[in-house]
Amino acid sequence: MSTKSIKICHIYPEALNLYGDRGNILCLKKRLEWRGIDCYVSEVKIGDNSDLSEYDFFFIGGGQDFEQEVLLSDLKSGKGRSIKSAVEDGKTFLCICGGYQMMGHYYETKDGNRMEFLGVANFATIGSEYRMIGDYFFKCTPESGGCEIVGFENHSGRTYLGEGVAPLGHLIYGYGNNGDDDTEGVRYKNLFGSYSHGPILPKNPEFADYLIQTTLDRKYGHVDLAPLDDSVENDAHDHMINLILKGAANKN
Amino acid sequence: MSEHSIFKTFLAIGACRLTRGLLRLFHRGGTTLPGRSALTFDKKILEVVSQGMHIIVVTGTNGKTTTCSMLRNAFQESGIDPLSNISGANLLSGITAEFASQATLSGKPKKSYAIVECDEGALKQVAPLIKPEVIVVTNLFRDQLDRYGEIMHTLNEIRTGISLVPEAVLCLNSDCSLTASLASDVSNPVYFFGIGKTTVAENNTDTAEEQDSSPSDAKYCIRCGTEYDYSYHTYAHLGGFSCPNCDYKRKRPELEVTSIESTSRRSDIIIRIADTQVRVHVGLPALYNIYNAIAALAAFESAGLDRQKMITSLASVKSSFGRMEGFIYNNVDIQMILVKNPAGCNQTLDYLSSLNEEYVAVLCLNDKTADGHDISWIWDVDHEKIIEDPFCKKIYVSGTRARDMKIRLKYGNAKEENIRMIRSNEKLLSAMTEDKLPVYILPNYTAMLKLRTILSSATGRNEFWKDQKYVNKKH
Ligand SMILES: [Zn+2]
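Just so you know, the sequences run in chain order A and B.
Everything in the first sequence is counted per the working numbering, starting at 797 for the first residue and increasing by one.
Everything in the second sequence is counted per the working numbering, starting at 96 for the first residue and increasing by one.
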């Protein structure tokens, strides 16, 4: 049996590195290693215009508004186009918070200033007066694995989805995309966007495996994933969901 | 006092004392409730009860409490008994409580000097009321993100606070690009302190490459957005930064460490102040305590006090409340070191993995409001430093988010048999000492308060509010 492998591309690790999102890379790496699947992680930083077509999985994390402006000019230099074609090609993307917003058309601040983003998927984000902060909990649509995800959101942008894209899931507790329509995140082809820090993957192993499955299936046709002992992960996952359902979780 | 009703002052101070007395009666070291009850009677009470005092304010993300504690020792060395909010209640309410309780009922302060630890966000409320002569900003790291949102916001909060007291001398960390940027936005006189390209910095084991991939709180020029060049790093984003595009770069500080010799218990350093070299012994290990020592020294200088008193007292300084505090329980040495953000936590783990003696580590993680509800920062910490350390024999996890910490350790390749999760503090106390190895507890803020109460009663030590001079007497 030949060894399977996944090549992960971590985009802008030096800039979009807040809120522990690098834990997602660590999580993917370990879950692949534990199953004997090779995993290679490369970092693509600002100014690096290397070929993105060789990668199977892309991760973009969250960052500060200030640093996102630095990224805009880099995206325009060609990287944006490469990202777009990788998404159209069905590659898996996990994009969190700022990285998620960046995949949409634009971010409009309270004062009406508009920052043009990539427009990879049909959605946009509008700045608001208050931050949406706290532990939250949503259920993925059946098309995105159907699992329950618990995480921590911290954003002031409100994201509204347009035609042709689906939400990643529906809220059970928290604000999600915008605090109005009970949606959370986005799913477009194999692009998964979410506001969930925490980081999202270690505590939601079912979702982590769904992403891994999606990536392997695209690359190799159907692949059977060996089960792992997730008792430590699920204990934390279930405990937090119980706290939220009891109304004992943190919310600002 | 004319438009300010003496009756209101009287009521406010009375209310504060009453609340404090009641809380003590019920055996709780409440430090903010008394201030809140004073505030309900008189919003500006703090201005009244601090009038005419000489005040040093310490703010910034890391090292506030230790810096204050060092300053207090130096004052005492100089024969001055200053007011200070040692218990770490550093919001408007806690600071008001401290000042109100040290004033006469008519609102006159009983002491002439004060050292005030102030939360970054509270500075703009506190500073205009107490009109400090000196404001120290220790550094800026990511901290309690969900309370402030973003680090730039914190920086702006501090800037606003400073601009309200333009007379105050600003003592700033020259090695922190965020902190140092405050100098150009305000009209205050500025005094920089920092660590130069010392032997420690040159021998820093992190290569530029490793520094690059580790999360940084300030990677890009705060003025123009270009990535900084560094001639050296001391730790995290602190060091010799310069922007290749505009002229923003680290300034040569007035007070600069030029050489460091460190052991696991103390540091011997040489400091250049203006053009003189002085040798200073700091009775605490670790680089971040050297930063605390020079922040304190810079403030002491700026307040016009006798430098030699500060230098003498630094040699005998011992850890302050909870930041690095020793207990003996079950014949086992227990050290408690507060950790609340990635930079501070990584420094502490570096310290543990440099001990070269067997130990037990205890990681206590809470997510209460004072800790920050967002605990994802634990994934920005290199717990691998102790997981891979052969001298680290066991790791206990505890606190309201112990389960999250357990996952973090699992993904750091920790062996399952070396990890134990114990939620009850009482059980934790006996379990962690059963191997008869030195124990290092790394709690975040509210976890520390809880553990300290339990350790204090188990070891017969006073609770902190009963003994304000605890730090000096006990060690
Ligand atoms: Zn610049």
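We put the beta carbon where it would ideally sit given N, CA and C, even for glycine.
Treat the numbers as computed from the prediction; the structure is a model and nothing was measured.
Quick one: using the 10 Å Cβ neighbour count with 16 as the cut-off for buried, is residue 461 (chain B) buried or exposed? Burial call: buried.
For residue 386 (chain B), name the three-state secondary structure that DSSP assigns. In the structure shown, residue 386 (chain B) sits in a helix (DSSP, three-state: H, G or I).
Just to confirm, does residue 321 (chain B) get its C-beta within under 8 angstroms of one of the non-hydrogen atoms of ligand 1? Residue 321 (chain B) Cβ: within cutoff of ligand 1.
Residues, ordered as in the chain, of the stretch 814 to 838 of chain A that lie near chain B by beta-carbon distance below 8 angstroms: Those would be 814, 815, 816, 817, 818, 819, 822, 823 and 826, in chain order.
Please report the distance separating the alpha-carbon of residue 507 (chain B) from that of residue 530 (chain B). In this structure, the straight-line span from the alpha carbon of residue 507 (chain B) to that of residue 530 (chain B) is close to 24 angstroms.
Quick check: what's the CA-CA separation for residue 406 (chain B) versus residue 444 (chain B)? Answer to the nearest angstrom: the Cα atoms are 28 angstroms apart.
Short check: CB of residue 157 (chain B) to CB of residue 441 (chain B), under 9 angstroms? Not in contact: residue 157 (chain B) and residue 441 (chain B) (Cβ atoms no closer than 9 angstroms).
Do you know offhand how far residue 859 (chain A)'s Cα is from residue 925 (chain A)'s? Residue 859 (chain A) and residue 925 (chain A): Cα-Cα distance of roughly 19 angstroms.
With H, G and I counted as helix, E and B as strand and the rest as coil, what does DSSP make of residue 305 (chain B)? For residue 305 (chain B), the pLDDT reaches just 45, beneath the cut-off of 50, and the residue's location in the model is therefore unreliable, leaving the point undetermined.
Starting from residue 278 (chain B), trace the alpha helix (DSSP H) both ways and give me its first and last residue. Careful: residue 278 (chain B) lies outside any alpha helix (DSSP H) and carries neither H nor E.
Closer than 9 angstroms, CB to CB, is residue 439 (chain B) near chain A or not? At least 9 angstroms separates the CB of residue 439 (chain B) from every CB of chain A.
Decide if residue 1018 (chain A) is buried, meaning its Cβ has at least 16 other Cβ atoms within 10 Å, or exposed. Classification for residue 1018 (chain A): exposed.
Does any CB atom of chain E fall closer than 9 angstroms to the CB of residue 314 (chain B)? The structure shown contains no chain E; the protein chains it does contain are A and B.
Excluding five sequence neighbours on each side, which residues of the same chain lie with their C-beta closer than 8 angstroms to the C-beta of residue 851 (chain A)? Closer than 8 angstroms at Cβ, skipping near neighbours: 803, 804, 805, 838, 882 and 887.
Closer than 8 angstroms: is that where the CB of residue 340 (chain B) sits relative to any heavy atom of ligand 1? Within the cutoff, so yes.
Taking the C-alpha atoms as reference points, what is the distance between residue 932 (chain A) and residue 504 (chain B)? Taking the CA atoms as reference points, residue 932 (chain A) sits about 23 angstroms from residue 504 (chain B).
Distance, residue 522 (chain B) Cα to residue 491 (chain B) Cα: Between residue 491 (chain B) and residue 522 (chain B), the C-alpha separation is close to 11 angstroms.
Please compile the residues from chain B whose C-beta is within a distance smaller than 8 angstroms of the C-beta of residue 946 (chain A). Neighbours of residue 946 (chain A) on chain B: none; closest Cβ ~11 angstroms, over 8 angstroms.
Residue 237 (chain B) versus chain A: which residues are under 8 angstroms apart at the beta carbon? Residues of chain A passing the Cβ test: 814.
Quick one: Cα of residue 225 (chain B) to Cα of residue 142 (chain B), how far? Using only the alpha carbons, I get a separation of about 6 angstroms.
At a cut-off of 8 angstroms, would you count residue 343 (chain B) as near ligand 1, judging by its Cβ distance to the nearest heavy atom? Within the cutoff, so yes.
Buried or exposed (CB count within 10 angstroms, at least 16 for buried), residue 356 (chain B): Looking at its Cβ environment, which holds fewer than 16 other Cβ atoms inside 10 Å, residue 356 (chain B) is exposed.
Considering only the beta carbon of each residue, do residue 489 (chain B) and residue 455 (chain B) sit closer than 9 angstroms? Between residue 489 (chain B) and residue 455 (chain B), the C-beta gap is smaller than 9 angstroms, which places the two residues in contact.
Per-residue burial, residue 372 (chain B) [other beta carbons within 10 Å of its own, 16 or more giving buried]: Exposed, since its Cβ has fewer than 16 Cβ neighbours within 10 Å.
Please classify residue 920 (chain A): does DSSP put it in a helix, a strand, or coil? The answer is strand: DSSP assigns residue 920 (chain A) an E or B state.
Which residue from B:231, B:269, B:438 and B:289 puts its Cα closest to that of residue 263 (chain B)? For residue 263 (chain B), the nearest C-alpha among the options comes from B:231.
Using a threshold of 9 angstroms, state whether the C-beta atoms of residue 987 (chain A) and residue 911 (chain A) are closer than that. Contact flag unset, no.
Tell me whether residue 316 (chain B) counts as near ligand 1, meaning its Cβ is closer than 8 angstroms to at least one heavy atom of that ligand. Flag set: Cβ of residue 316 (chain B) near ligand 1.
Alpha carbon to alpha carbon, how far is residue 480 (chain B) from residue 465 (chain B)? Give it in angstroms, no decimals. If you take the alpha carbons of residue 465 (chain B) and residue 480 (chain B), they lie about 27 angstroms apart.
Listed in chain order, which residues of the stretch 448 to 471 of chain B have Cβ atoms closer than 7 angstroms to some Cβ of chain A? Residues are counted here when their Cβ sits less than 7 angstroms from a Cβ of chain A; for the stretch 448 to 471 of chain B these are 462, 468, 469 and 471, given in chain order.
Continuous beta strand (DSSP E) assignments of at least 3 residues falling wholly in the stretch 477 to 547 of chain B: Those beta strand (DSSP E) runs which fall completely within the stretch 477 to 547 of chain B and span 3+ residues are 487 to 493, 514 to 516 and 534 to 538.
Note the first and the last residue of the continuous beta strand (DSSP E) segment covering residue 362 (chain B). That run of the beta strand (DSSP E) goes 362 to 368.
Whether residue 235 (chain B) touches residue 312 (chain B) by CB criterion (9 angstroms): Going by C-beta atoms, residue 235 (chain B) is nearer than 9 angstroms to residue 312 (chain B).
What's the gap between the Cα of residue 817 (chain A) and the Cα of residue 409 (chain B)? Spanning the alpha carbons of residue 817 (chain A) and residue 409 (chain B) requires a straight line of approximately 40 angstroms.
Look up residue 1003 (chain A) in the DSSP assignment and say whether it is helix, strand or coil. When DSSP states are grouped into helix, strand and coil, residue 1003 (chain A) belongs to the helix group.
Starting from the C-beta of residue 978 (chain A), find all residues in its chain whose C-beta is less than 7 angstroms away, skip the five residues before and the five after it, and write them out in chain order. Taking C-beta separations shorter than 7 angstroms and ignoring five residues to either side along the sequence, the partners of residue 978 (chain A) in its chain run 966, 967 and 972, following chain order.
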